[in-house]
Every structure is written in C-alpha cells, then in structure tokens.
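A.B. asks: The structure's right below; bear with me while I get my questions together.
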Amino acid sequence: CYGHAGADMISLASILRIPVAMHNVPGEALFRPSAWDMFGTADTEGADFRACAALGPMYGKY
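The sequence shown begins at 6 in the working numbering and counts up one residue at a time.
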C-alpha cells in the first residue's frame, strides 16, 4: 500500500467519534458517516466537532 495514510487515520477517527482539525487531506479522500450530514455540510470540520459533541465518544466511562 503506497500513499499518504492520513485519510485512513482521519476516517478511523470519525468512526470512533474523535474530531480532527487542521489537516491537509482533501475532503474527497475522507470518510464521514452519512448521519453527520444533519450537523452541516458547508463546514465539514465544524460538523465533525458538532457531531462528536452531540453523539459523545464511542468508548468512554461505563
């Protein structure tokens, strides 16, 4: 596998509900869950933070 692994790491972070900002990976290379569209589509990084705040972490204190 060749290329930049950043898109895979950011996609993993989105699955685990960890918001990521200030990256240089193009938006077309990233995976975002379709449910996150309700948090906005114009500013995708802002939508990531709003989705993570609303949904909470995937893993946390039990």
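All residues carry an ideal CB built from backbone N, CA and C; glycine is no exception.
Apart from the five residues just before and just after A12, which ones in its own chain have a Cβ nearer than 6 Å to its Cβ?
C.D. replies: Within the same chain, A12 has close Cβ partners V30, A34, L35.
A.B. asks: Rounded to whole angstroms, what's the CA-CA distance from R37 to L60? Just pull it up for me.
C.D. replies: Near 14 Å, if we compare the C-alpha coordinates of L60 and R37.
A.B. asks: Ignore the nearest five residues each way along the sequence and tell me which others in F54's own chain have a CB closer than 7 Å to its CB.
C.D. replies: The residues are P24.
A.B. asks: Taking P62 as the reference, which of A26, L21, G51, S16 has the closest Cα?
C.D. replies: Selected option, being the one with the closest Cα: L21.
A.B. asks: Excluding five sequence neighbours on each side, which residues of the same chain lie with their C-beta closer than 7 Å to the C-beta of H28?
C.D. replies: The answer, listed in chain order, is G11, I15.
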